[in-house]
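Position 35 of the sequence shown, counting from 1, maps to 35 under full-length UniProt numbering, and the rest follow consecutively.
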Amino acid sequence: SKDEAFDVFKRFKALVENQCSKRIKILKTDGGDEYTSRRFESFCEENGIEHEVTTPYTPQHNGLAERRNRTILDMARCM
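Below is the structure:
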């Protein structure tokens with residue numbers, strides 16, 4: 001749910017860093033309330049993550065992410 005976005009992102013960040021030895025540098029979101037809280041913004045600042053917000057009501061700005069989500073859902077349906 002949207003209330004869990006912050007905790008899920010923190011777990012995802014830890015997973016990426018531990019399993020892939022990579023660091024998240026940029027996070028691009030659609031500007032939903034779950035990503036614009038002061039707590040979320042502070043976390044990004046403290047961890048050196050640049051938070052980019054796409055323009056509202058312009059899904060074409062988020063096309064790559066939307067396509068990847070569709071691919072993942074299609075693969076999950078095949079399982």
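Even for Gly, the Cβ is constructed at its ideal location relative to N, Cα and C.
Residue burial is scored here from C-beta neighbours: residue 35 has at least 16 other C-beta atoms within 10 angstroms and is therefore classed as buried.
For residue 47, the closest alpha carbon among the candidates 19, 1 and 26 is that of 26. Counted as a single uninterrupted DSSP element, the beta strand (DSSP E) harbouring residue 52 occupies residues 50-53. For residue 13, the uninterrupted alpha helix (DSSP H) run begins and ends at 5-20, by DSSP. In this chain, residue 29 is not harboured by any alpha helix (DSSP H); it is covered by the beta strand (DSSP E) spanning 26-29.
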